[in-house]
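Residue numbering for the sequence shown follows full-length UniProt numbering, beginning at 1 and increasing consecutively.
A virtual CB, placed ideally from N, CA and C, is assigned to each residue, including glycine.
Okay, structure first, notes after.
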Amino acid sequence: MREHDSYGPATMRRGRRKFDDDEADFVKTGRLEPALHEDPDLPEVGDRWSTWDGALHGPQPRPDWVRTEHGAVDSELGVLKTGKEADVFLVRRWLPSTGETSMIAAKRYRDGEHRMFHRDAGYLEGRRVRRSREMRAMTNRTTFGKQMIAGQWAAAEFDALGRLWEIGQESGLVCVPYPVQLIGTEVMLEFIGDWETGEAAPRLAQVRSGDEQLEDLWRQMTDALSVLARAQVAHGDLSPYNTLVHDGRLVLIDLPQIVDVIANPRGAEFIVRDVTNVATWFRARGLAIDADELIDRLLLEAGLR
Numbered sequence: 001m002r003e004h005d006s007y008g009p010a011t012m013r014r015g016r017r018k019f020d021d022d023e024a025d026f027v028k029t030g031r032l033e034p035a036l037h038e039d040p041d042l043p044e045v046g047d048r049w050s051t052w053d054g055a056l057h058g059p060q061p062r063p064d065w066v067r068t069e070h071g072a073v074d075s076e077l078g079v080l081k082t083g084k085e086a087d088v089f090l091v092r093r094w095l096p097s098t099g100e101t102s103m104i105a106a107k108r109y110r111d112g113e114h115r116m117f118h119r120d121a122g123y124l125e126g127r128r129v130r131r132s133r134e135m136r137a138m139t140n141r142t143t144f145g146k147q148m149i150a151g152q153w154a155a156a157e158f159d160a161l162g163r164l165w166e167i168g169q170e171s172g173l174v175c176v177p178y179p180v181q182l183i184g185t186e187v188m189l190e191f192i193g194d195w196e197t198g199e200a201a202p203r204l205a206q207v208r209s210g211d212e213q214l215e216d217l218w219r220q221m222t223d224a225l226s227v228l229a230r231a232q233v234a235h236g237d238l239s240p241y242n243t244l245v246h247d248g249r250l251v252l253i254d255l256p257q258i259v260d261v262i263a264n265p266r267g268a269e270f271i272v273r274d275v276t277n278v279a280t281w282f283r284a285r286g287l288a289i290d291a292d293e294l295i296d297r298l299l300l301e302a303g304l305r
């Protein structure tokens, strides 16, 4: 999505927008994990050395802005968003010797007693682990089971982003952030927004569009839904609040609950719900939409009819 890999110093405006799934009473902890502050081998600049070496990496060929050098450091710039399942932080990964920079959104899923996953049982149908002990722990929502679920959600989002990013590169019909890396319950992905100011791209729900742009955004939405259907998956929680609009392009985000519509017995329901959610928003802004026709086509493309 980017044509160059060198950016000037990034800053963030203090304060942030509140979104529908933010928690007003959430108490934010320190910027980095405590163990990182105790590490005697901290870099002279930045908050920590890049965690690239210890992570799973996104698909290749990776964009040239991704910093893979051993000498890269991470500087945490602040909170982009807090939510019920995860918190998202803005991280500047840069190479001090050259100034080459990546701006990354670090999405950290909560675990243990702070887990607040909602409606996750339906999403997890069709996802199974081999060990019966782990499956029981997840079903009973023990502390260990919640950690397992958090890991599953992080891995599912990372895998989905990688798969859809590759499809998008080939077809141009779907756009998602590039998944940079995965470590445990943290997914680091391309920051969608202004890399100079740290201002995130607006959500679709915030965009005030004219008729022509609205029609183009709906076309992009139906293209993306068609890509998902042909890949036999559904977003699972698609809405104007988890899609961004950046440089006129619709970008799908928040994919931990992605649903295999063949393995999940409620797969068709998730396709219907995704379409209904977004079609309702576009209709409310005056666009004539035949949601039933779209649902029929998507179910056919997904092999459910």
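In the DSSP assignment, the beta strand (DSSP E) including residue i goes from what residue to what residue?
| i | result |
| --- | --- |
| Leu102 | Note on identity: in this sequence residue 102 is Ser, with Leu being the wrong assignment. Element bounds for Ser102: 101-109. |
| Leu182 | 179-183 |
| Ala86 | 86-94 |
| Thr243 | 243-246 |
Have a look at residue i and residue j and give me their C-alpha separation to the nearest angstrom.
| i | j | result |
| --- | --- | --- |
| Asp290 | Leu298 | 13 Å |
| Val180 | Ala302 | 28 Å |
| Ser239 | Trp49 | 36 Å |
| Leu189 | Trp218 | 25 Å |
| Phe89 | Leu228 | 27 Å |
| Ile295 | Glu100 | 45 Å |
| Asp194 | Ser171 | 25 Å |
| Ile253 | Leu161 | 9 Å |
| Glu212 | Arg305 | 33 Å |
| Asn264 | Ala284 | 31 Å |
| Ser226 | Glu44 | 48 Å |
| Tyr241 | Arg163 | 22 Å |
| Glu196 | Asp53 | 26 Å |
| Thr243 | Ala72 | 30 Å |
| Thr280 | Val79 | 30 Å |
| Ala288 | Lys107 | 36 Å |
| Gln206 | Lys81 | 15 Å |
| Leu300 | Leu42 | 54 Å |
Assuming residue i contacts residue j under a Cβ cut-off of 8 Å, what Cβ separation, rounded to an integer in Å, is found between them?
| i | j | result |
| --- | --- | --- |
| Ala234 | Ile271 | 5 Å |
| Ser97 | Arg67 | Incorrect: roughly 12 Å between the Cβ atoms, too far for contact. |
| Val251 | Val176 | 6 Å |
| Val261 | Gln232 | 6 Å |
Pull the bridge partners of residue i from the DSSP assignment, please.
| i | result |
| --- | --- |
| Val261 | None, per the DSSP bridge assignment. |
| Met188 | Ala106, Gln181 |
| Leu304 | Answer by DSSP bridge pairing: none, since Leu304 is not bridged. |
| Val233 | Asp260 |
If you follow the alpha helix (DSSP H) that residue i is part of, which residue opens it and which one closes it?
| i | result |
| --- | --- |
| Glu293 | 291-301 |
| Leu226 | The question names Leu, but residue 226 in the sequence shown is Ser. Element bounds for Ser226: 211-230. |
| Asp74 | It is not in any alpha helix (DSSP H) - Asp74 instead sits in the beta strand (DSSP E) that spans 73-82. |
| Arg249 | No alpha helix (DSSP H) contains Arg249, which is instead part of the beta strand (DSSP E) from 249-252. |
| Asp274 | 267-284 |
Which residue wins for smallest C-alpha separation from residue i, given the options the options?
| i | options | result |
| --- | --- | --- |
| Val91 | Cys175, Phe191, Gln257, Glu170 | Phe191 |
| Gly46 | Pro63, Glu76, Pro61 | Glu76 |
| Pro61 | Ala105, Thr185, Trp165, Asp247 | Trp165 |
| Leu182 | Gly71, Ala284, Ile262, Gly58 | Gly58 |
| Val245 | Pro202, Ile262, Arg208 | Pro202 |
| Val275 | Leu173, Leu56, Pro256, Met221 | Met221 |
| Leu56 | Trp94, Ala155, Arg108 | Ala155 |
| Trp94 | Gln152, His70, Ala106, Val79 | His70 |
| Glu269 | Trp281, Gly236, Val207, Thr280 | Gly236 |
| Glu199 | Ile104, Glu157, Leu42 | Ile104 |
| Ser209 | Val174, Lys81, Leu255, Asp247 | Asp247 |
| Pro84 | Ala106, Asp64, Arg110, Trp65 | Note that residue 84 corresponds to Lys in the displayed sequence, not to Pro. Ranking Ala106, Asp64, Arg110, Trp65 by Cα distance to Lys84 puts Arg110 first. |
| Ala86 | Glu186, Val174, Pro63, Phe158 | Glu186 |
| Pro63 | Gln169, Asp74, Glu157, Gln152 | Gln169 |
For the ligand NAD, any of its heavy atoms closer than 7 Å to the Cβ of residue i?
| i | result |
| --- | --- |
| Gln181 | Looking for the ligand NAD in the displayed structure turns up nothing, as the structure carries no ligands at all. |
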